[in-house]
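Numbering follows my numbering, with no gaps: position 140 of the sequence shown is 160.
Quick reminder that beta carbons are idealized off the backbone N, C-alpha and C, glycines included.
Treat the numbers as computed from the prediction; the structure is a model and nothing was measured.
Single-structure report; data block below.
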Amino acid sequence: MHIILAILGSIITILFYLSMMSRSGINFRWLTWLDPLAWNRRRKWRETLNTDPAFSLKSPMESTACLMFVAAKYSGEISREQKETILRLYQDEFHLNDSKARELLTSCSFLIPDEQKIYDRLETFLAPSLSQFDQNQKDSAMRLLETVIQCEGRPTQKQMEFLEKIKIQLMGKPPSEQNKWAHNT
């Protein structure tokens with residue numbers, strides 16, 4: 021038993037002196053793995069760094085703007101008419117001037133180069149901002165999306181499916197799809 025205590029005491033003494041030397045300016049990077057708080061900070065920073073920025077939008081306005089861009093892009097490449105419609109809606113609904121509206125559209129296009137990833141992971145995309153939406157913003161977002169997909173006439177089947185998927189995420193399941201026979205306990 022006395023041998024184990026001597027070994028543990030030696031290890032603790034060595035670590036203590038290494039810690040004191042690192043505080044005085046000598047850098048022992050391998051020593052930082054002993055600090056659980058630093059490890060947790062590094063892990064959280066790594067998760068933040070590796071996260072796709074499109075899936076970390078917290079503002080309902082930014083989320084809606086990106087959804088409008090994705091809905092327009094689902095018909096193929098965005099036409100001039102769709103672009104002008106989106107810019108006009110950004111200016112009218114979000115109360116942005118022309119340059120800010122163009123910046124928002126440009127940032128959406130760089131943020132979302134592939135609209136399929138938003139379609140496939142819509143719940144993850146809306147998760148950070150969904151709690152910030154109030155009912156008026158949800159209704160306005162649905163109205164804006166309908167305007168965007170109908171600006172060139174009849175929307176495509178993919179656009180209608182995308183709109184329905186967004187509606188389910190924002191508004192919840194329609195009452196007809198909820199379980200009528202569920203017990204209220």
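Legend entry - For S44, the three-state DSSP class (helix, strand or coil): coil
Legend entry - Separation of E104 from D118, as counted between CA atoms: Near 11 Å, if we compare the C-alpha coordinates of E104 and D118.
Inset, instruction - Can you have a look at L183 and say buried or exposed, based on whether 16 or more other CB atoms are within 10 angstroms of its CB? - result: buried
Legend entry - Cβ distance (whole Å) where L124 is taken to contact A85 below 8 Å: 5 Å
Inset, instruction - Give a yes or no on contact between the stretch 149-157 and the stretch 64-84, applying the rule of three or more CB pairs nearer than 8 Å. - result: The stretch 149-157, when compared against the stretch 64-84, does touch it at the 8 Å Cβ threshold.
Legend entry - With 16 other Cβ atoms within 10 Å as the buried cut-off, status of A74: Its Cβ being crowded by 16 or more others within 10 Å, A74 is buried.
Inset, instruction - Drop a sphere of 10 angstroms on the beta-carbon of I24, count the other beta-carbons inside from all chains shown, and report buried for 16 or more, exposed for fewer. - result: Around the beta carbon of I24, a 10 Å sphere encloses fewer than 16 other beta carbons of the protein chains shown; the residue is thus reported as exposed.
Legend entry - Whole alpha helix (DSSP H) elements within the stretch 56-134, 4-residue minimum: 56-70, 80-93, 100-113 and 118-131
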